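To start, the structure under review is shown below, and the notes come after it.
In the working numbering, the protein residues as written are 2 to 103.
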């Protein structure tokens, strides 16, 4: 490929990470880039409440907490918006608190 201004994305060296507290949840969903309906990745929530995604390509993303059983979770915040730039290496502290479920 001859694309002088655009090469392949650099290897994923960073991550998006955070912690989920409160009632148990299954996973964190990452939507994007630049499309809130496109599921980019899923990350399981560890026993300590932590989750981590490899750094995705540049763009705007949304994170939400999900329950595999289909139960609706009430979280604070409801979602997190994140913008990844080519310079992004570590985006941490993307935390959620589960307030209840339906």
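Ideal placement from N, C-alpha and C gives every residue a C-beta, glycine not left out. In this text, all values refer to a predicted model and were calculated from it rather than measured experimentally.
With which residues is residue i paired in a DSSP beta bridge?
i: residue 84; result: 61
Can residue i and residue j be called in contact, C-beta distance under 8 Å?
i: residue 41; j: residue 50; result: no
i: residue 45; j: residue 52; result: yes
i: residue 15; j: residue 63; result: no
For residue i, which residues from the same chain have a beta carbon less than 7 Å from its beta carbon, with the 5 sequence-adjacent residues on both sides left out?
i: residue 66; result: 21, 26, 29, 74, 76, 97 and 99
i: residue 1; result: The first residue shown for the chain is 2 and the last is 103, placing residue 1 beyond what the model contains.
i: residue 43; result: 28 and 30
Starting from the C-beta of residue i, find all residues in its chain whose C-beta is less than 6 Å away, skip the five residues before and the five after it, and write them out in chain order.
i: residue 13; result: Unreliable placement is indicated for residue 13, whose pLDDT of 48 sits below 50; the coordinate value is still reported in the next sentence. Hits under 6 Å: 55 and 56.
Which residues in the same chain as residue i place their Cβ atom closer than 8 Å to its Cβ, once the five residues preceding and following it in sequence are excluded?
i: residue 102; result: 24, 68, 72, 73, 74 and 75
Exposed or buried, residue i, counting other C-beta atoms within 10 Å across all chains shown (16 or more means buried)?
i: residue 5; result: Bear in mind that a pLDDT of 42 at residue 5, under 50, signals an unreliable position, so the number given afterwards is only what the model happens to contain. By the 10 Å Cβ count, residue 5 comes out exposed.
Kindly indicate if chain C contains any beta-carbon less than 8 Å away from that of residue i.
i: residue 21; result: Considering every chain present, this structure includes no chain C. It has just one protein chain.
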